[in-house]
Amino acid sequence: ERLKGKGLTTAVDDGFRNALSAIIDGNVTTLLTGIILGVFGSGPVRGFATTLVIGILTSMFTAIFITRLMILSFLKHKWKLTFALPWTKNLLQNVNFNFIKARKVTYVLSAVLILAVFISLGVRGFDAGIDFVGGRTYEVQFKQPVSTEDVANKLEQVLQERPQVKVFGESNQVKITTKYKIQEDDESIDAEVDSLIYVGLKPMLAENVSKEEFLGDYKLSSTKVGPTIALDIRREAVVAVILALIAIFLYIMIRFKNWRYSAGAVLGLAHDTLLVIGVYTLLWGIVPFTLEIDQAFIAAVLTIIGYSINDTVVVFDRVREYVGLYPNRKLEETFNHAINSTLSRTVATSFSTLIVLIPMVIFGGDSIRGFVFSLTIGVLVGTYSSVFIASPLAYDLGKKRRERLQREAAQKAARK
2 ERLKGKGLTT
12 AVDDGFRNAL
22 SAIIDGNVTT
32 LLTGIILGVF
42 GSGPVRGFAT
52 TLVIGILTSM
62 FTAIFITRLM
72 ILSFLKHKWK
82 LTFALPWTKN
92 LLQNVNFNFI
102 KARKVTYVLS
112 AVLILAVFIS
122 LGVRGFDAGI
132 DFVGGRTYEV
142 QFKQPVSTED
152 VANKLEQVLQ
162 ERPQVKVFGE
172 SNQVKITTKY
182 KIQEDDESID
192 AEVDSLIYVG
202 LKPMLAENVS
212 KEEFLGDYKL
222 SSTKVGPTIA
232 LDIRREAVVA
242 VILALIAIFL
252 YIMIRFKNWR
262 YSAGAVLGLA
272 HDTLLVIGVY
282 TLLWGIVPFT
292 LEIDQAFIAA
302 VLTIIGYSIN
312 DTVVVFDRVR
322 EYVGLYPNRK
332 LEETFNHAIN
342 STLSRTVATS
352 FSTLIVLIPM
362 VIFGGDSIRG
372 FVFSLTIGVL
382 VGTYSSVFIA
392 SPLAYDLGKK
402 RRERLQREAA
412 QKAARK
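Per our numbering, the very first residue in the sequence shown carries number 2; after that it's consecutive.
Below, the structure is given as structure tokens:
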């Protein structure tokens, strides 16, 4: 608004008013995914969904009310108020990239990547977590603080697979989760796993601790999640993702009064989901941290869906604004103008999110690194799809309708 030459007070009023619909639409679509995650998730995922919903509601409140009150306070006291540094003032402003013209190239690129995902799914599959295949969890208390990395390394040698190890309570208490022979029904497997856990951890125990002493004094508890329960969790996860996409489709169709926006948005989200899944199937066992498909991964996918649709809705909101302002403009020009005018916001939002995520990927513990890694990939993929996939798809779906309406309007004007 300031770039249009408006005074500061007028620019603030118009800025908040014009941004309101994008703020509401972007956050409500994310809110829908959080609610669905809470309803169909269980355990820690439901807790995560609750946190997500609270975060969305509070961020909407601060964006609409608190931030505006602060800015109005600055204006009242005649304090200096700027919205850019000298070196960022014109960053990505007045750019004129032809994104719509480049859409065929990006369609082909995405198609190749998705094909690679399906090939990898057939050849490599997933590193399915305990939530999806079942497993055993042991809670062990040592006499002194231990490193989860050391525990995982020692158990990997005897279990032939790397277990998930997390600290709980005190620093000498760990929760060990393994999928070792979970598909086998033989009752002797439980005793076998007990023995392997004891053998793997023996170097970390006090001297001359027997297996019986370990099971009685060190092992606090053990639980088993069977494949049947895991199948139910898997079904809930698939239902949650599908329902989130349906809810977003319906909301955008109602708000924009056009199913083509909904179709472009949901196809873009399906694209994002497939590429994030692709990273998991392509890189598990290669990167130096766990990339298991579990409930945390489903939470990450739904969070990515919410994040990506936020970016897409901002672009669509600007398209809707320009269609009203310039009804006779070609649709390709309208979409390009909308994407270019929101590009600085898209890049700034993604960059500020990555500033938080990337250090957590590098320095975070094993228990959170895979989850944060999927969010990081999701932010990059979501930013790409909002600009190069969802918006061009909405353009292609709406192009013929727009041309028909313009022809009818021109014919009507000619008759008059």
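Ideal Cβ positions, reconstructed from N, Cα and C, are used throughout, including at glycine.
All of these numbers come straight from a predicted model, not from anything done at the bench.
Query	Result
Where does the unbroken beta strand (DSSP E) through R69 begin, and where does it stop?	That residue, R69, is in no beta strand (DSSP E); its alpha helix (DSSP H) goes 68-77.
Between the stretch 345-365 and the stretch 48-65, can you find at least three pairs of beta-carbon atoms closer than 8 angstroms?	no
Which value, in whole angstroms, describes the spacing of the CA atoms of F127 and Y281?	7 angstroms
Can you have a look at H272 and say buried or exposed, based on whether 16 or more other CB atoms are within 10 angstroms of its CB?	buried
In the stretch 302-333, which residue ranges form an unbroken beta strand (DSSP E) of at least 3 residues, counting only runs that do not cross its ends?	none
Which value, in whole angstroms, describes the spacing of the CA atoms of K176 and Q165?	8 angstroms
Report yes or no: do three or more beta-carbon pairs, one from the stretch 26-43 and one from the stretch 244-257, lie closer than 8 angstroms?	yes
From I325 to D318, what distance separates their C-alpha atoms?	In the sequence on display, residue 325 carries Gly and not Ile. Near 11 angstroms, if we compare the C-alpha coordinates of D318 and G325.
Strictly by DSSP, which residues pair up with K167?	K176
Which residue's Cα is closest to the Cα of A192: E208, K79, Y139, K144?	Y139
Under a Cβ-count criterion, where at least 16 other Cβ atoms within 10 Å of its own Cβ denotes burial, should F133 be classed as buried or exposed?	buried
In chain order, which beta strand (DSSP E) runs of at least 3 residues are fully inside the stretch 202-272?	220-226
With respect to the alpha helix (DSSP H) encompassing Y108, which residues constitute its N-terminal and C-terminal limits?	104-124
Using only the alpha-carbon positions, how far apart do I299 and K7 sit?	45 angstroms
Specify the secondary structure class of T138 as computed by DSSP and reduced to three states.	strand
Do you know offhand how far F290's Cα is from G371's?	7 angstroms
Cα-Cα, which of I369, T149, I67 is closest to S172?	T149
Whole angstroms are fine: how far does the CA of L160 sit from the CA of A238?	28 angstroms
Residues in the same chain with beta-carbon distance under 8 angstroms from F100, minus the five sequence neighbours each way, listed in chain order, please.	F336, N337, I340, N341, V388, F389, S392, P393
By Cβ distance below 8 angstroms, which residues in the same chain neighbour L76 in space, the five residues on each side in sequence not counted?	L9, T10, V13, L82
From the DSSP secondary-structure annotation, give me the bridge partner or partners of E293.	D128
Considering Cα atoms alone, identify which of P204, A264, M205, D195 is closest to S223.	D195
Go through its chain and collect everything with a Cβ distance to G399's Cβ below 6 angstroms, but skip five positions before and after it.	R261
Hey, would you say V302 sits closer than 8 angstroms to V242, going by beta carbons?	yes
Are the beta-carbon atoms of R330 and F257 separated by less than 8 angstroms?	no
I believe V152 touches G279 by the beta-carbon criterion, under 8 angstroms. Please report the beta-carbon distance rounded to the nearest angstrom.	Contact flag wrong, Cβ pair sits at about 31 angstroms.
Over what stretch of residues does the alpha helix (DSSP H) that includes G29 continue unbroken?	For the record, residue 29 in the displayed sequence is Val; it is not Gly. Residues 9-41.
Would you identify the three-state DSSP class for D151, choosing helix, strand or coil?	helix
Since M205 and V168 are thought to touch, with beta carbons under 8 angstroms apart, how far apart are those beta carbons, to the nearest angstrom?	That pair is no contact at about 14 angstroms.
What's the gap between the Cα of E2 and the Cα of A85?	13 angstroms
Quick one: what does DSSP say F143 is sitting in, helix, strand or coil?	coil
How far does the alpha helix (DSSP H) with V362 in it extend, from its first residue to its last?	344-364
Give the secondary structure of D187 by DSSP, where H, G and I count as helix, E and B as strand, and everything else as coil.	coil
Is the separation between the beta-carbon of K144 and that of A207 shorter than 8 angstroms?	yes
Under 8 angstroms, do V277 and V382 count as touching if we go by C-beta distance?	yes
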